[in-house]
Amino acid sequence: MSVLTEKVMTRDWGKPGQHAFKGYQERGGYQQLKKVLTSMQPAQVTDEVKRSNLRGRGGAGFPTGLKWSFVPSLEKNTKPRYLAINADESEPGTAKDRFILEYDPHLLLEGIGIACYALGAHTCYIYARGEFKHPSAVLDAAIADAYANGVFGKKLMGTDFELDVYQVRGAGAYICGEETALLESLEGKKGWPRLKPPFPAVVGLFGCPTVVNNVETIAALPRIFEKGADWFARLGAAKSGGTRLVTLSGSVKRPGTYEVGMDTSMKELIFDKEYGQGMPEGRSVKAVIPGGSSAPVLTADELEVKLEFDAFKPLQSMAGSGGVIVMDDSTCMVRSLWRVARFYAEESCGQCTPCREGQPWMARLLRKIEEGRGELADLDTLMQVAQSIAPWPPIGLGNTICALGDAGALPVQSFVQKFRKDFEDHITQKRCPHGDKPWGTYGEFQ
Amino acid sequence: MSEPLFTAAEQKRFDDEIAVLLSHYPNDRKSASMLPALRVLQTIKGWLPPEGMKLVAERLETTVAHCYEVATFYVMFHTEKPGKYVIDVCTNLSCALRGAEGMLKYMEQKLNTHAGTRGEKYFLRETECLASCGTAPCLQINEDHHENLTKQKLDALLEKLS
Ligand SMILES: Cc1cc2nc3c(=O)[nH]c(=O)nc-3n(C[C@H](O)[C@H](O)[C@H](O)COP(=O)(O)O)c2cc1C
Ligand code: SF4
Ligand code: FES
Numbered sequence: 000m001s002v003l004t005e006k007v008m009t010r011d012w013g014k015p016g017q018h019a020f021k022g023y024q025e026r027g028g029y030q031q032l033k034k035v036l037t038s039m040q041p042a043q044v045t046d047e048v049k050r051s052n053l054r055g056r057g058g059a060g061f062p063t064g065l066k067w068s069f070v071p072s073l074e075k076n077t078k079p080r081y082l083a084i085n086a087d088e089s090e091p092g093t094a095k096d097r098f099i100l101e102y103d104p105h106l107l108l109e110g111i112g113i114a115c116y117a118l119g120a121h122t123c124y125i126y127a128r129g130e131f132k133h134p135s136a137v138l139d140a141a142i143a144d145a146y147a148n149g150v151f152g153k154k155l156m157g158t159d160f161e162l163d164v165y166q167v168r169g170a171g172a173y174i175c176g177e178e179t180a181l182l183e184s185l186e187g188k189k190g191w192p193r194l195k196p197p198f199p200a201v202v203g204l205f206g207c208p209t210v211v212n213n214v215e216t217i218a219a220l221p222r223i224f225e226k227g228a229d230w231f232a233r234l235g236a237a238k239s240g241g242t243r244l245v246t247l248s249g250s251v252k253r254p255g256t257y258e259v260g261m262d263t264s265m266k267e268l269i270f271d272k273e274y275g276q277g278m279p280e281g282r283s284v285k286a287v288i289p290g291g292s293s294a295p296v297l298t299a300d301e302l303e304v305k306l307e308f309d310a311f312k313p314l315q316s317m318a319g320s321g322g323v324i325v326m327d328d329s330t331c332m333v334r335s336l337w338r339v340a341r342f343y344a345e346e347s348c349g350q351c352t353p354c355r356e357g358q359p360w361m362a363r364l365l366r367k368i369e370e371g372r373g374e375l376a377d378l379d380t381l382m383q384v385a386q387s388i389a390p391w392p393p394i395g396l397g398n399t400i401c402a403l404g405d406a407g408a409l410p411v412q413s414f415v416q417k418f419r420k421d422f423e424d425h426i427t428q429k430r431c432p433h434g435d436k437p438w439g440t441y442g443e444f445q
Numbered sequence: 000m001s002e003p004l005f006t007a008a009e010q011k012r013f014d015d016e017i018a019v020l021l022s023h024y025p026n027d028r029k030s031a032s033m034l035p036a037l038r039v040l041q042t043i044k045g046w047l048p049p050e051g052m053k054l055v056a057e058r059l060e061t062t063v064a065h066c067y068e069v070a071t072f073y074v075m076f077h078t079e080k081p082g083k084y085v086i087d088v089c090t091n092l093s094c095a096l097r098g099a100e101g102m103l104k105y106m107e108q109k110l111n112t113h114a115g116t117r118g119e120k121y122f123l124r125e126t127e128c129l130a131s132c133g134t135a136p137c138l139q140i141n142e143d144h145h146e147n148l149t150k151q152k153l154d155a156l157l158e159k160l161s
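These protein sequence lines are chains A and B, in that order. If you count by numbering that gives the first Met the number 0, then the first sequence holds residues 0 to 445, one letter each, in order. If you count by numbering that gives the first Met the number 0, then the second sequence holds residues 0 to 161, one letter each, in order.
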């Protein structure tokens, strides 16, 4: 069994005054930033982050130190550089970054200081989704508190490094979590993703080199410098350093947001008493979406998988944003997939034809099947439409400008392949076999 | 004569907050503060009235068309007057697995409205994931977040809306 014995990211959650500068500082806060600023060169900081095996928690699991190293040197490119923090947290199933903002906002702010020093960035924008009224209020207070206590401003922690940090609130658009749409939105525009290359590290915000990182990624930095890159790498598994936050939702006894070890298995997450505490009485697992609703679905036979980033590859799925959605054996697969498809249809920005036309088409076909009006040929059409947006098996690059295309296609491809019989039953029986109870054991409002 | 857009106090608040916002961006990038600027206007007026949009365009040195292009892209901006209470109910997968669809139906009955219909008092609508998946079901009333909802909790919430 590998259930986490020591909390890392969530260590101080809920401790008195932790959200305020004073409480954070009393528990050793801002010492790592001070240490980094006074005893390390920026390039050394990036090297440490590389050695720690820290990987992006926003969805792609990209190695953070490597991403930073794509920013051109000041000799090659004299423009200002920016750090943008992705606090858009909108991938269905995902609820973790909000808790960092609510419970330990200074952990993020200290991480921002460390990252900006490494990158030579003197401005950081934190882009938070517009619906985060409370988390944003806590964060705004923390930023003001940090300025008042001499952390940010002309003299970062009293050194000669200048750093300003601003929060910008979105206004309700899932696509703005995609990093180039986020930059467009930060520039005061609608969130239309940009063609890549050039990548943001070279041409980002206002045409300047920009690193976009997720909240949880950057909040890991103070711990890395407190206990060392080697410690962080060893704490993890394989090439994934540290621990992870996962959100467990759906049909489990104890849903919630948990910190887990990289070598914790999906089965442990669902069944262990520290986490999900198992399935509802008399029910078993039907399907699990492992990394936010865009991650290809897993069956009950695939739950030995470790929660580390690379472990999902052989299953043609991904660790994604850590949103684990569990469905029990009384849940309708067609209805579930239809709801997921509706989301991506709704949120497509409309720039690319396959995504703009394909996502709503898939949603319509799924509705038809769910309502008992489907034909077997519809399943082939469904797969063809998905295939025209992004190839299966996933190779990480579809036929569209951004990965929202893939995000909508992969669930369809994986559900239909793994649960084909459920789809065929709807078609041949001309109704939903679950009748008016498609949502499983906890699907009734009580 | 038509009514002025702002009272004197509102005008001051608008001016002050826009000035702070503009200081967060490079001088030649005033229009970058579009989202926060629209939020300031909407917080003061409850929606984005046309005269207000003109003012935002002026201050940000951009066009009114740009303001509308942005405002209509994001669902939280109201270019039409919304009801007194905007109620956003998440019906995405994690919430649906914890009773969100039933909750929406229950509210339609209780508030005597249909989701998606703009009423004078209530504008009830379905929304997408609100990052409350492990604490589902959830909803927001005028941007205030409520989670782990049960019939009992919801009844108490709705009672407070007058
Ligand atoms: C459609 C779409 C939505 C995304 N939403 C988010 C999000 O809400 N939060 C996030 O951190 N990353 C999101 N991402 C991933 C970002 O594009 C980007 O990879 C990430 O913020 C990089 O940070 P990281 O390297 O620290 O993970 C999304 C990507 C896509 C394609
Ligand atoms: S893939 Fe979809 S969301 Fe992404 S840019 Fe194209 S149309 Fe927009
Ligand atoms: S699915 Fe409803 S909050 Fe995430």
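Just so it is clear, CB atoms sit at the ideal spot from N, CA and C, and this is done for glycine as well. Keep in mind the model is a prediction, meaning the values are calculated, not measured.
Check: residue i C-beta below 7 Å from any heavy atom of ligand 1
i: residue 72 of chain A; result: no
i: residue 211 of chain A; result: yes
i: residue 61 of chain A; result: yes
i: residue 77 of chain A; result: no
i: residue 434 of chain A; result: no
Near ligand 2: residue i beta-carbon under 7 Å from a heavy atom
i: residue 350 of chain A; result: yes
i: residue 355 of chain A; result: yes
i: residue 404 of chain A; result: yes
i: residue 394 of chain A; result: no
Nearest neighbour of residue i, chosen from the options [CA to CA]
i: residue 434 of chain A; options: A:329, A:387, A:108 and A:137; result: A:329
i: residue 131 of chain B; options: A:158, A:157 and A:97; result: A:97
i: residue 149 of chain B; options: B:21, B:135, B:142 and B:20; result: B:135
i: residue 80 of chain A; options: A:137, A:313, A:121 and A:193; result: A:121
i: residue 105 of chain B; options: B:154, B:82, B:58 and B:143; result: B:154
i: residue 169 of chain A; options: B:34, B:14, B:8 and B:60; result: B:34
i: residue 82 of chain A; options: A:116, A:292 and A:347; result: A:116
i: residue 7 of chain A; options: A:277, A:242, A:315 and A:339; result: A:242
i: residue 448 of chain A; options: A:402, A:107 and A:44; result: Here chain A covers residues 0 to 445 and nothing more, so residue 448 of chain A does not appear.
i: residue 7 of chain B; options: B:22, B:19, B:38 and B:43; result: B:43
Interface partners of residue i on chain B, CB under 8 Å
i: residue 432 of chain A; result: The premise fails here: residue 432 of chain A is roughly 17 Å from chain B at the closest Cβ pair, so nothing lies under 8 Å.
i: residue 412 of chain A; result: In chain order: nothing, as chain B lies at least about 17 Å away.
i: residue 185 of chain A; result: 31
i: residue 91 of chain A; result: 91, 92, 93, 127, 128 and 132
i: residue 345 of chain A; result: 127
C-alpha distance - residue i paired with residue j, whole-angstrom precision
i: residue 162 of chain A; j: residue 200 of chain A; result: 19 Å
i: residue 30 of chain A; j: residue 92 of chain A; result: 34 Å
i: residue 410 of chain A; j: residue 349 of chain A; result: 19 Å
i: residue 268 of chain A; j: residue 233 of chain A; result: 21 Å
i: residue 157 of chain B; j: residue 45 of chain B; result: 20 Å
i: residue 244 of chain A; j: residue 160 of chain A; result: 32 Å
i: residue 458 of chain A; j: residue 104 of chain A; result: In the structure as shown, chain A starts at 0 and stops at 445, and residue 458 of chain A therefore has no counterpart that could be examined.
i: residue 122 of chain B; j: residue 129 of chain A; result: 18 Å
i: residue 137 of chain B; j: residue 309 of chain A; result: 33 Å
i: residue 13 of chain B; j: residue 54 of chain B; result: 10 Å
Helix, strand or coil at residue i according to DSSP, with G and I counted as helix
i: residue 438 of chain A; result: strand
i: residue 327 of chain A; result: strand
i: residue 133 of chain A; result: helix
i: residue 122 of chain B; result: strand
i: residue 305 of chain A; result: strand
i: residue 70 of chain A; result: coil
i: residue 56 of chain B; result: helix
i: residue 274 of chain A; result: coil
i: residue 282 of chain A; result: coil
i: residue 123 of chain A; result: strand
i: residue 89 of chain B; result: strand
i: residue 35 of chain B; result: helix
Under 8 Å by beta carbon: chain A residues contacting residue i
i: residue 162 of chain B; result: In the structure as shown, chain B starts at 0 and stops at 161, and residue 162 of chain B therefore has no counterpart that could be examined.
Neighbouring residues, chain A, relative to residue i (Cβ below 7 Å)
i: residue 21 of chain B; result: Near residue 21 of chain B there are no residues of chain A at all, since even the closest Cβ is about 11 Å away, more than 7 Å.
i: residue 76 of chain B; result: 170
Any non-hydrogen atom of ligand 3 closer than 7 Å to residue i Cβ
i: residue 130 of chain B; result: yes
i: residue 86 of chain A; result: no
i: residue 135 of chain B; result: yes
Contacts that residue i makes with chain A (C-beta to C-beta distance below 9 Å)
i: residue 15 of chain B; result: Residues of chain A passing the Cβ test: none, with the nearest at roughly 16 Å.
Contacts of residue i in chain B (Cβ-Cβ under 7 Å)
i: residue 259 of chain A; result: The premise fails here: residue 259 of chain A is roughly 13 Å from chain B at the closest Cβ pair, so nothing lies under 7 Å.
Chain B residues whose Cβ lies nearer than 9 Å to that of residue i
i: residue 133 of chain A; result: 143 and 144
i: residue 342 of chain A; result: 91, 92, 127 and 128
Any non-hydrogen atom of ligand 5 within 7 Å of residue i CB
i: residue 401 of chain A; result: For the structure depicted, ligand 5 is absent and the ligand set comprises only ligand 1, ligand 2 and ligand 3.
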